[in-house]
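Okay, so here's the structure we're looking at.
Protein chains: 2
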Amino acid sequence: MKLDHIDTPAALIDIPRMQKNIARMQGHMNTLGVAFRPHVKTTKCIDVVRAQIAAGARGITVSTLKEAEAFFAAGVSDILYAVSIAPSKLPRALALRRQGCDLKLVVDNPTAAAAIAAFADQHGETFDVWIEVDTDGHRSGITPEQDTLLEVGRILHENGVKVGGVMTHAGSSYELHTPEALAALAEQERAGCVRAAERLRDAGIPCPAVSVGSTPTALAAEQLDGVTEVRAGVYVFFDLVMHNVGVCALEDIALSVLATVIGHQADKGWAILDAGWMAMSRDRGTSKQPHDFGYGQPCLLNGTPLGGFMVSGANQEHGILSSSEEGAHVDDIAQRFPIGMKLRILPNHACATGAQFPEYHAVSADGNSVEWRRFQGW
Amino acid sequence: MKLDHIDTPAALIDIPRMQKNIARMQGHMNTLGVAFRPHVKTTKCIDVVRAQIAAGARGITVSTLKEAEAFFAAGVSDILYAVSIAPSKLPRALALRRQGCDLKLVVDNPTAAAAIAAFADQHGETFDVWIEVDTDGHRSGITPEQDTLLEVGRILHENGVKVGGVMTHAGSSYELHTPEALAALAEQERAGCVRAAERLRDAGIPCPAVSVGSTPTALAAEQLDGVTEVRAGVYVFFDLVMHNVGVCALEDIALSVLATVIGHQADKGWAILDAGWMAMSRDRGTSKQPHDFGYGQPCLLNGTPLGGFMVSGANQEHGILSSSEEGAHVDDIAQRFPIGMKLRILPNHACATGAQFPEYHAVSADGNSVEWRRFQGW
Chain Y
1340 MKLDHIDTPA ALIDIPRMQK NIARMQGHMN TLGVAFRPHV KTTKCIDVVR
1390 AQIAAGARGI TVSTLKEAEA FFAAGVSDIL YAVSIAPSKL PRALALRRQG
1440 CDLKLVVDNP TAAAAIAAFA DQHGETFDVW IEVDTDGHRS GITPEQDTLL
1490 EVGRILHENG VKVGGVMTHA GSSYELHTPE ALAALAEQER AGCVRAAERL
1540 RDAGIPCPAV SVGSTPTALA AEQLDGVTEV RAGVYVFFDL VMHNVGVCAL
1590 EDIALSVLAT VIGHQADKGW AILDAGWMAM SRDRGTSKQP HDFGYGQPCL
1640 LNGTPLGGFM VSGANQEHGI LSSSEEGAHV DDIAQRFPIG MKLRILPNHA
1690 CATGAQFPEY HAVSADGNSV EWRRFQGW
Chain D
1340 MKLDHIDTPA ALIDIPRMQK NIARMQGHMN TLGVAFRPHV KTTKCIDVVR
1390 AQIAAGARGI TVSTLKEAEA FFAAGVSDIL YAVSIAPSKL PRALALRRQG
1440 CDLKLVVDNP TAAAAIAAFA DQHGETFDVW IEVDTDGHRS GITPEQDTLL
1490 EVGRILHENG VKVGGVMTHA GSSYELHTPE ALAALAEQER AGCVRAAERL
1540 RDAGIPCPAV SVGSTPTALA AEQLDGVTEV RAGVYVFFDL VMHNVGVCAL
1590 EDIALSVLAT VIGHQADKGW AILDAGWMAM SRDRGTSKQP HDFGYGQPCL
1640 LNGTPLGGFM VSGANQEHGI LSSSEEGAHV DDIAQRFPIG MKLRILPNHA
1690 CATGAQFPEY HAVSADGNSV EWRRFQGW
């Protein structure tokens, strides 16, 4: 289907841009000599994941057991569930492993480790558990020097549960915007995770995998000694937040929302779009960054960004397109953006915007599109 | 299913609270002597809509043609599509009317009105078009005194299209928080919409319906002379934004997200939940209101709000529960919120949070729940 015939709002994937993003990340990982395990929470779409695996990815990372179940059903077996597991979710994890899924779990506390050990013993299962390491203080995990690290390792190892490795995610990289700061955080992420692995090994606990990553640190890493694999998610599409972080150009962003002009408030200099926050998501991730893109950057249908304009406001199904200069008035808004005109809006955060849609329209270089399903829920 | 057995995160509807909210709004409409047409964009769930209709609602309001198609298929025929229509969507609207759906369209500009008239003529269809009136300057619509109002009316009427009425939505009511201000805006909304209808009638254009509404103005309205019907959506669940507006108690909020404690950062005073922004949505609607609830208000499983705590931060699948006092540290966080503990989180914005889930778990007074599907997309 041609773009002109797709009903709006719709989530578009620019396939050539996506393939370029995939090749860029995989090439960097190959150069650094580490395996790459993409985080599929960004897309929840088997068509995208197949392209990542075709380019060289080894296994995937998921953020929910529903992702693990869906991608295992689609033929992917090597899966890291990268959220510290709630003990009540262990039966679902067991069911996946019993079906032959090489599912790895994550834990960052003694209570859940003990629950895994008890459940594993009860069911005659070793599991494969990775310990989450906190290398930047932004969320969960155990810092490399904490005693809890060895405590968790011992609870697992001494009760017959396989300790498969350590993993960390330096998500505070999203708050940076210089190459130097990103390279420094990438090194901090690497060094902290390697240090945690060494402490475990020194204590007699095997720790084969050392897994690090976030899109900005993965792209900024200059060497990854001691690391076995890297994880990243949003790089496959990129978005305006990543553009502000400095790891992609606007022209690299592969996800956009197709929208139609449905009205004007000429005295305010507004064009009204049929893409509101239900389509763009409520993510305002650029609001604290160097360039605030509002609810998104409008582009022509061919992908050219319309400098000087932004989606400045959003209701559930209405977007407001106006000047991106504070207080500036666009006198000829109705002439520039007539009723029925279609635009592509680059999103702040590809993970959040994609999640608003049950499907993507994946657009080839020739302008034809096919539908790629994505799924929702837990 | 009992709450304890529902996997997390999950969207819960408290059925007794929902029924109370439905009865409250319908009772107020009955007292004011107007029809009530609930906006189903909040729930996108036929089970909820059936409860609204059983209580006395006449017809529904939708924000997308997909809602119109889904609810018509489920047996609802009187449907107002309350977004100014993009001309490219007219074939879908025609298909619905040809199947017997009493679908009403909305328009707020001469270009789309002319496109409707041309399309109607081409297909031998009169349609039923309501003109959107702008009574508070917050979004789309034509102000009551603008010449464009009569121009749009004439384009429709003189070309054989039925002008079914006028409609307005005083969405700026979400920014208010005193009964006096809400009552004043409700009167402004009423008077502006009635004035627009009178101008059309004075010009010889029939205008049977006069439709107004938003949850806050609907509840605050003291008299609705000249109005034929009211629309409101979020009242069915309410949320923290509505609580800040002053139209509901925390104990009225019928939607919550069931979450599990999966970790701690004790030195920071944090408990980590398995409900992040993918579950709560990125809506931070309370951030500019008198009380900022972060990403949500934690409650015990029985619904009792946990004063002094909030979900202060969110990653995609991680929520951070901490003190709601800036800078305060909870020393015994791991004791108060042990691993595996389940909580209910009240959301900022029920429309946004509900949209993150493919289903609700609707919980009866006896604690048993059933699954109610909702749909996604356009």
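Read top to bottom, the protein sequences are chains Y and D.
Letter by letter, the first sequence follows residues 1340 to 1717 in our numbering.
Letter by letter, the second sequence follows residues 1340 to 1717 in our numbering.
For every residue, glycine included, the Cβ atom is placed at its ideal position computed from N, Cα and C.
Which residues in the same chain have their Cβ closer than 6 Å to the Cβ of residue i, if we skip the five residues on either side of it in sequence?
i, result
"Ile1718 (chain D)", "Any question about residue 1718 (chain D) goes unanswered here, given that chain D covers just 1340 to 1717."
"Thr1400 (chain Y)", "Arg1376, His1378, Leu1419, Ala1421 and Arg1570"
"Gly1572 (chain D)", "His1378, Lys1380 and Thr1381"
"Leu1489 (chain Y)", "Ala1542"
"Ile1601 (chain D)", "Ile1611 and Asp1613"
"Val1584 (chain D)", "His1516 and Pro1555"
"Gly1666 (chain Y)", "none"
Taking 7 Å as the threshold (beta carbon to beta carbon), is residue i in contact with chain Y?
i, result
"Arg1529 (chain D)", "no"
"Glu1656 (chain D)", "yes"
"Arg1538 (chain D)", "no"
"Ala1453 (chain D)", "no"
"Pro1697 (chain D)", "yes"
"Pro1323 (chain D)", "Because chain D here runs from 1340 to 1717, residue 1323 (chain D) falls outside it and cannot be looked at."
"Ala1457 (chain D)", "no"
"Val1708 (chain D)", "Residue 1708 (chain D) is actually Ser in this sequence, not Val. So no, Ser1708 (chain D) is outside the interface."
Starting from the C-beta of residue i, find all residues in its chain whose C-beta is less than 8 Å away, skip the five residues before and the five after it, and write them out in chain order.
i, result
"Ser1511 (chain Y)", "Asp1475, Gly1476, His1477 and Leu1524"
"Glu1408 (chain Y)", "Arg1431 and Leu1435"
"Gln1695 (chain Y)", "Ala1350, Met1617, Ala1618, Met1619 and Ser1620"
Short check: CB of residue i to CB of residue j, under 7 Å?
i, j, result
"Ser1402 (chain Y)", "Glu1656 (chain D)", "yes"
"Ala1691 (chain Y)", "Ser1620 (chain Y)", "yes"
"Leu1371 (chain D)", "Leu1563 (chain D)", "yes"
"Met1357 (chain Y)", "Ser1708 (chain Y)", "no"
"Ala1509 (chain D)", "Ser1479 (chain D)", "no"
"Asp1578 (chain Y)", "His1688 (chain Y)", "yes"
"Val1468 (chain D)", "Val1446 (chain D)", "yes"
"His1700 (chain Y)", "Leu1351 (chain Y)", "yes"
"Trp1717 (chain D)", "Cys1384 (chain D)", "no"
"Met1680 (chain Y)", "Ser1663 (chain Y)", "no"
"Gly1395 (chain D)", "Asp1417 (chain D)", "no"
"Ala1593 (chain D)", "Ile1678 (chain Y)", "no"
"Leu1539 (chain D)", "Gly1492 (chain D)", "yes"
"Gln1636 (chain D)", "Leu1597 (chain D)", "no"
"Asp1622 (chain D)", "Pro1348 (chain D)", "no"
"Thr1625 (chain Y)", "Val1575 (chain Y)", "no"
"Leu1342 (chain D)", "Leu1589 (chain D)", "no"
"Val1502 (chain Y)", "Ile1544 (chain Y)", "yes"
"Asp1353 (chain Y)", "Val1586 (chain Y)", "no"
"Arg1675 (chain Y)", "Cys1638 (chain Y)", "no"
Using a Cβ-Cβ cut-off of 7 Å, state whether residue i counts as contacting chain D.
i, result
"Asp1450 (chain Y)", "It is worth fixing the name first, because residue 1450 (chain Y) is Thr in this sequence and not Asp. Thr1450 (chain Y) counts as touching chain D."
"Gln1461 (chain Y)", "no"
"Ala1434 (chain Y)", "no"
"Gln1391 (chain Y)", "no"
"Trp1717 (chain Y)", "yes"
"Lys1627 (chain Y)", "no"
"Thr1599 (chain Y)", "yes"
"Lys1380 (chain Y)", "yes"
"Ile1399 (chain Y)", "no"
"Ala1691 (chain Y)", "yes"
"Arg1478 (chain Y)", "yes"
"Asp1670 (chain Y)", "no"
"Pro1426 (chain Y)", "yes"
Who are the near neighbours of residue i in its chain, counting only those whose CB is closer than 7 Å to its CB and skipping five residues on each side?
i, result
"Ala1522 (chain D)", "Ala1559 and Glu1561"
"Ile1672 (chain Y)", "His1603, Ala1605, Gly1608, Trp1609 and Ala1610"
"Val1373 (chain D)", "Leu1563, Val1566, Thr1567, Glu1568 and Val1569"
"Ile1494 (chain Y)", "Pro1449, Ala1452, Ala1453 and Ala1456"
Got a sec: does the ligand FAD put a non-hydrogen atom nearer than 6 Å to the Cβ of residue i?
i, result
"Arg1570 (chain D)", "Annotation note on the ligand FAD: not contained in the displayed structure, which lists no ligands."
Can you give me, in chain order, the residues of the stretch 1406-1422 of chain Y that have a beta carbon less than 8 Å from any beta carbon in chain D? Val1422
If the cut-off is 7 Å on Cβ atoms, which residues from the stretch 1496-1509 of chain D count as contacting chain Y, listed in chain order? none
Contained beta strand (DSSP E) runs [length at least 3] in the stretch 1432-1512 of chain Y, N- to C-terminal order: 1441-1446, 1467-1472 and 1501-1507
Which residues of the stretch 1612-1643 of chain D have a Cβ closer than 9 Å to any Cβ of chain Y? Give them in chain order. Asp1613, Gly1615, Trp1616, Met1617, Ala1618, Ser1620, Arg1621, Asp1622, Arg1623 and Gly1624
Threshold first: 3 residues or longer. Then list the beta strand (DSSP E) segments lying entirely within the stretch 1666-1703 of chain D, N to C. 1681-1685 and 1698-1702
Chain-ordered residues of the stretch 1343-1365 of chain D with a beta carbon less than 8 Å from chain Y: Asp1346, Thr1347, Pro1348 and Ala1349
Which runs of the beta strand (DSSP E) fall wholly inside the stretch 1606-1634 of chain Y and span at least 3 residues, in chain order? 1609-1612
Any C-beta of chain D within less than 8 Å: which residues of the stretch 1672-1686 of chain Y qualify? Pro1677, Ile1678 and Gly1679
What ranges does the beta strand (DSSP E) occupy inside the stretch 1531-1608 of chain D, keeping only unbroken runs of at least 3 residues that lie completely in it? 1548-1551 and 1594-1604
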